[in-house]
Amino acid sequence: MIRHHFTATLFSLIISCILSLPTGIQAQPLPGDLPLHEAAPDSFSIVFETTKGDFTVLAVRDWSPMGVDRLYHLVNGGYYDGVIIFRVGGTMSATGRVAQFGITNNPDVNRAWEPHTIKDEPVRASNVRGTILFARGGPDTRGTQIALNLTDNPGLDTVDFEGVTGFPPLGRVTDGMHVADSFFSEYRNEPSMVQDSISAKGSEFLDRVFPGLDRIIRARVIE
Numbered sequence: 009m010i011r012h013h014f015t016a017t018l019f020s021l022i023i024s025c026i027l028s029l030p031t032g033i034q035a036q037p038l039p040g041d042l043p044l045h046e047a048a049p050d051s052f053s054i055v056f057e058t059t060k061g062d063f064t065v066l067a068v069r070d071w072s073p074m075g076v077d078r079l080y081h082l083v084n085g086g087y088y089d090g091v092i093i094f095r096v097g098g099t100m101s102a103t104g105r106v107a108q109f110g111i112t113n114n115p116d117v118n119r120a121w122e123p124h125t126i127k128d129e130p131v132r133a134s135n136v137r138g139t140i141l142f143a144r145g146g147p148d149t150r151g152t153q154i155a156l157n158l159t160d161n162p163g164l165d166t167v168d169f170e171g172v173t174g175f176p177p178l179g180r181v182t183d184g185m186h187v188a189d190s191f192f193s194e195y196r197n198e199p200s201m202v203q204d205s206i207s208a209k210g211s212e213f214l215d216r217v218f219p220g221l222d223r224i225i226r227a228r229v230i231e
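Residue numbers (this note's numbering): 9 to 231.
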């Protein structure tokens with residue numbers, strides 16, 4: 009009887025906590041929840057389900073071992089589920105256009121990931137249309153934000169941006185590039201200029217200030 013009462017109470021508490029979560033807040037993982045130091049497979053595919061349809065990416069570990077390891081664990085942990093594609097426009101470091109996402113809807117999760125970045129790596133594949141890469145600022149600041157090249161962006165291979173040369177791709181879209189081409193782009197780079205506010209306030213800020221943006225519904229490794 010005591011065990012039954014404890015189990016029922018625990019179940020009720022869990023349900024209560026779930027129901028109390030703010031609408032739109034996903035249960036993204038914290039850094040300590042994921043085996044970040046384990047190597048990813050040599051290659052694997054990821055399906056990104058979005059509000060405009062699905063696109064598939066083939067990740068290639070040889071292109072950026074540390075980057076692809078990070079990507080693998082983020083996807084498997086559900087990190088990108090529900091995140092908003094806040095930037096569909098030009099880059100600050102080279103000509104060309106990208107779609108960018110990777111700031112979660114939960115400010116606490118965003119703060120937890122800020123110090124957990126990975127080291128820079130050399131560029132081993134070109135930033136052609138359909139490749140994905142980690143966005144960054146200065147040295148060793150790649151973390152969670154992904155940019156998808158909507159055009160050929162060879163300048164990203166060699167540009168010296170914030171003291172680091174180039175942006176190494178992680179993989180390439182193999183199916184559904186037309187989906188990425190259709191992402192809402194009316195705001196262009198404007199949301200990317202207020203990333204601190206996005207990180208601190210989550211989806212509430214974007215939904216209020218930049219309504220209509222597309223989002224990743226779910227991302228999953230399929231092979």
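Glycine is no exception: its CB is placed at the ideal position from the N, C-alpha and C atoms.
Would you grab the beta carbon distance between residue i and residue j for me? Rounded to a whole angstrom, and I think it's under 8 Å.
i: Val96; j: Asn113; result: 18 Å between Cβ atoms; not a contact.
With H, G and I counted as helix, E and B as strand and the rest as coil, what does DSSP make of residue i?
i: Arg180; result: strand
i: Ala133; result: coil
i: Ala188; result: helix
i: Gln36; result: coil
For residue i versus residue j, is the C-beta spacing smaller than 9 Å?
i: Thr64; j: Ile230; result: yes
i: Gly104; j: Leu158; result: yes
i: Ala67; j: Leu82; result: no
i: Asp89; j: Ala227; result: yes
i: Gly40; j: Asn118; result: no
i: Val131; j: Phe175; result: yes
i: Glu194; j: Gly220; result: yes
Could you compute how far the alpha carbon of residue i sits from the alpha carbon of residue j?
i: Asp77; j: His45; result: 8 Å
i: Ala143; j: Asn161; result: 14 Å
i: Thr173; j: Ala120; result: 27 Å
i: Glu129; j: Leu214; result: 32 Å
i: Glu212; j: Asp50; result: 38 Å
i: Phe56; j: Gly86; result: 11 Å
i: Met201; j: Ile93; result: 14 Å
i: Gly146; j: Gln108; result: 18 Å
Determine whether the Cβ of residue i lies closer than 9 Å to any Cβ atom of chain C.
i: Tyr88; result: Of the protein chains in this structure there is only one, and it is not chain C.
What are the complete beta strand (DSSP E) segments, minimum 3 residues, inside the region 44-90?
-> 51-58 and 61-68
Going along the chain, which unbroken runs of the alpha helix (DSSP H) with 4 or more residues stay wholly within the region 109-161?
-> Counting only runs of 4 or more, we get 115-121.
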